[in-house]
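Here the structure comes first, spelled out in structure tokens, and everything after it is commentary.
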Amino acid sequence: QMRIGVLTGGGDCPGLNAVIRAVVRKGIKAHGWEIVGFRNGWQGPIENLTKPIDLADVEEILTRGGTILGSSRTNPYKVEGGVDRIRETIAENQIDAIIAIGGEDTLGVAKRLTDDGIGVVGVPKTIDNDLGATDYTFGFDTAVHIATEAIDRLRTTAESHHRALVVEVMGRHAGWIALHSGLAGGANVILVPERPFNVDKVVEHVERRFESEFAPIIVVAEGAIPEGGAEVLHSGERDAFGHVRLGGVGQWLAEEIADRTGKESRAAVLGHIQRGGTPTAYDRVLATRFGLHAVDAVAAGDFGTMVALRGTDIVRVKLSEATAELKTVPTERYEEAEVFFGA
Ligand code: F6P
4 QMRIGVLTGG
14 GDCPGLNAVI
24 RAVVRKGIKA
34 HGWEIVGFRN
44 GWQGPIENLT
54 KPIDLADVEE
64 ILTRGGTILG
74 SSRTNPYKVE
84 GGVDRIRETI
94 AENQIDAIIA
104 IGGEDTLGVA
114 KRLTDDGIGV
124 VGVPKTIDND
134 LGATDYTFGF
144 DTAVHIATEA
154 IDRLRTTAES
164 HHRALVVEVM
174 GRHAGWIALH
184 SGLAGGANVI
194 LVPERPFNVD
204 KVVEHVERRF
214 ESEFAPIIVV
224 AEGAIPEGGA
234 EVLHSGERDA
244 FGHVRLGGVG
254 QWLAEEIADR
264 TGKESRAAVL
274 GHIQRGGTPT
284 AYDRVLATRF
294 GLHAVDAVAA
304 GDFGTMVALR
314 GTDIVRVKLS
324 EATAELKTVP
334 TERYEEAEVF
344 FGA
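Quick note on numbering: the sequence shown equals residues 4 to 346 in full-length UniProt numbering.
What follows is the structure in structure tokens.
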């Protein structure tokens, strides 16, 4: 009887439990496997932290956010003897293969472990949607949905008070959440990490929007940077007190706008709200399909691969392809949004 390990690594995201449920259901029902959960990402196999998962354990988790297995950003290649300890855990628990659900870091480890002779199949996860080789990752649709709802709400209060409202969304390296929630929420400016922004231009858009008697909404990705290298603290960085910041560029920009326009301006940082709670129907379906196809990949012994969405099909790609480079917002996609700036 095959024993398959499952783990979730990196930042959590809505839909992880839906993947676990699909893996367990199909693994047990179609193949008669035993499924062993590893706790807290790669920390689980390194420290032999296991949690057997049966059919009963995946009842009622489809709609639940987070991950029943816990997560961490542990990298076995950065832990003394990490890979050897994984080998020991695998031998001790008689694990035949591992399904690793994660983003760039988790899947980068999955690739290296496969190269080192450990059979791993990857499932792409990130709210940032910045993984290569797949059209979408689950969690992204949910994050965009939450951000869009927030923009809708911030718009009504901005209108009442004739203020500019800067909405800071997640995305350190890629502006997908900003682009999509900005388009869906009818933002008047969208700023992404891929393109350093010109504050004068932002101010122009804001003033034009105020002229029309409507309040400007500016959506900014947490990793967006102003042209000219102004000193801006970003989310995740440490401030003067040594505290890890949640938000930074949004507040900075709101103050610049207030100073330069003389109008009131406020910032809202959405932060981890974008990662919590129940997944959208789209993400539940995508996560479920990824889980089912990951089981097929293991059954076929097709290790070193990742399941991916291409159009409406789930396909298998090499982990090396998926982790080769981040998928950022292309210029053409940004230019589509620019048509609405200031308007
Ligand atoms: O990768 C997911 C993500 O939510 C990013 O959008 C964000 O920059 C980062 O994780 C936040 O990390 P943490 O949860 O460790 O603060």
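Cβ atoms here follow ideal geometry from the backbone N, Cα and C, with glycine treated the same way.
All figures in this text were calculated on a predicted structure; none of them were measured in a lab.
Range of the contiguous beta strand (DSSP E) that encloses residue i
| i | result |
| --- | --- |
| ILE104 | 100 to 105 |
| THR11 | 6 to 11 |
| LEU194 | 192 to 194 |
| GLY125 | 123 to 127 |
| residue 356 | Only positions 4 to 346 of the chain appear in the structure, and residue 356 is not among them; the question remains open. |
For residue i, the three-state DSSP class (helix, strand or coil)
| i | result |
| --- | --- |
| SER215 | coil |
| PHE200 | strand |
| ILE93 | helix |
| GLY111 | helix |
| GLY185 | helix |
| LEU236 | coil |
| VAL82 | coil |
| ILE180 | helix |
| ARG88 | helix |
| LEU249 | coil |
Neighbour-count burial assignment, residue i, 16 or more Cβ in a 10 Å radius
| i | result |
| --- | --- |
| ASN201 | exposed |
| GLU259 | buried |
| ALA243 | exposed |
| LYS128 | buried |
| ALA103 | buried |
| ASP286 | buried |
| THR159 | exposed |
| ASP15 | buried |
| VAL170 | buried |
| PRO196 | buried |
| SER238 | buried |
| GLU225 | buried |
| LEU194 | buried |
| GLY105 | buried |
| THR331 | buried |
| GLY304 | exposed |
| HIS183 | buried |
| LYS29 | buried |
| GLY185 | buried |
| ARG241 | exposed |
| VAL247 | exposed |
Cβ-Cβ distance between residue i and residue j below 7 angstroms
| i | j | result |
| --- | --- | --- |
| GLU181 | VAL147 | Note that residue 181 is Ala in the sequence shown here, rather than Glu. Not a contact, by the Cβ cut-off of 7 angstroms. |
| THR140 | ASN132 | yes |
| GLY68 | PRO17 | yes |
| GLY174 | ASP108 | no |
| VAL126 | ALA346 | no |
| THR151 | ALA187 | yes |
| ALA21 | THR291 | yes |
| ILE56 | ILE38 | yes |
| ILE130 | ARG278 | yes |
| GLY294 | THR117 | no |
| GLY245 | VAL272 | no |
| HIS208 | PHE344 | yes |
| ALA218 | GLU267 | no |
| THR66 | THR264 | no |
| ALA136 | ALA325 | yes |
| GLY8 | ILE121 | no |
| ALA47 | LEU10 | The sequence shown places Gly at residue 47, rather than the Ala named in the question. Yes, the pair counts as a contact, with Cβ atoms nearer than the cut-off. |
| THR77 | TRP36 | no |
| MET309 | LEU322 | yes |
| ASP138 | LEU256 | no |
| ILE49 | ARG88 | yes |
| MET5 | ASP119 | no |
| VAL124 | ALA233 | no |
Unbroken alpha helix (DSSP H) run spanning residue i, endpoints
| i | result |
| --- | --- |
| GLU162 | 143 to 164 |
| GLU230 | No alpha helix (DSSP H) contains GLU230, which DSSP labels as neither H nor E. |
| ALA340 | 334 to 341 |
Residue i beta carbon near ligand 2 (any heavy atom closer than 6 angstroms)
| i | result |
| --- | --- |
| ARG336 | For ligand 2, the structure offers nothing, since it holds only ligand 1. |
### Task
At 4 residues or longer, and completely inside the region 13 to 78: list those alpha helix (DSSP H) runs for me, N to C.
Qualifying alpha helix (DSSP H) stretches, in chain order: 19 to 34 and 46 to 50.
### Length-filtered (4 minimum) alpha helix (DSSP H) runs lying within the region 260 to 327
As far as the region 260 to 327 is concerned, its whole alpha helix (DSSP H) runs of at least 4 residues are 284 to 302 and 322 to 325.
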